[in-house]
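To start, the structure itself, in structure tokens.
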Ligand SMILES: [Zn+2]
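Residue numbers (our numbering): 4 to 120.
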């Protein structure tokens with residue numbers, strides 16, 4: 004892949020990384036605050052645990068994506084960026100355009116979505 008392309012993906016990955024780090028840190032803080040605001044009121048408690056579950060789920064998603072972004076940056080360092088981690092073929096440019104942290108080419112992603120990989 005030509006260097007200019009890699010650089011532009013790298014920029015996007017770094018922006019995404021920063022954004023996700025902020026979100027993950029924020030939802031951890033919100034989770035703690037929700038804890039501190041907890042009272043003995045049962046209705047409050049229920050609302051609180053719902054909020055926490057929601058925040059937890061959300062931060063889980065963000066954390067997973069952050070992991071993918073970190074891995075993509077890692078692959079850039081060792082020169083395997085843009086290669087499908089399953090079949091080693093080049094990941095389609097339009098796929099990287101849409102998802103610069105993609106690990107799989109379109110075919111392998113489809114297989115993975117169907118539980119075949
Ligand atoms: Zn593949």
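The beta-carbon is built from N, C-alpha and C at its ideal position, and this holds for glycine as well.
Could you tell me the boundaries of the alpha helix (DSSP H) in which residue 30 lies?
-> Taking the first residue of the chain shown as 1, we reach residue 30 at position 27. Taken as a continuous stretch (DSSP letters only), the alpha helix (DSSP H) holding residue 30 covers 6 to 39.
Once you ignore the five residues that flank residue 84 on each side, which residues in its own chain have a CB closer than 6 Å to its CB?
-> By one-based count along the chain shown, residue 84 stands at place 81. So the qualifying residues of the chain are 78.
Which residues share a DSSP beta bridge with residue 86?
-> For this step, residue 86 is matched to residue 83 along the chain shown. BP columns for residue 86 point to 93.
Is the CB-CB distance between residue 89 and residue 98 below 7 Å?
-> Here residue 89 corresponds to residue number 86 of the chain shown, with the count starting at 1. Here residue 98 corresponds to residue number 95 of the chain shown, with the count starting at 1. Going by C-beta atoms, residue 89 is not nearer than 7 Å to residue 98.
Do the CB positions of residue 72 and residue 112 come within less than 7 Å of each other?
-> Numbered from 1 along the chain shown, position 69 holds the residue referred to as residue 72. Numbered from 1 along the chain shown, position 109 holds the residue referred to as residue 112. Going by C-beta atoms, residue 72 is not nearer than 7 Å to residue 112.
Among 25, 108, 9, which one has its Cα closest to the Cα of residue 65?
-> Here the question's residue 65 lines up with position 62 in the chain shown. It is 25 whose Cα lies nearest to the Cα of residue 65.
If we count Cβ pairs, one from each stretch, closer than 8 Å, do we get three or more for the segment 10 to 20 versus the segment 42 to 57?
-> Taking a cut-off of 8 Å for Cβ pairs, the segment 10 to 20 and the segment 42 to 57 do not touch, as fewer than three such pairs fall below it.
Rounded separation between residue 51 and residue 29 - CA only | In the chain shown, counting from the first residue as 1, residue 51 sits at position 48. In the chain shown, counting from the first residue as 1, residue 29 sits at position 26. For residue 51 and residue 29, the distance between alpha carbons rounds to 17 Å.
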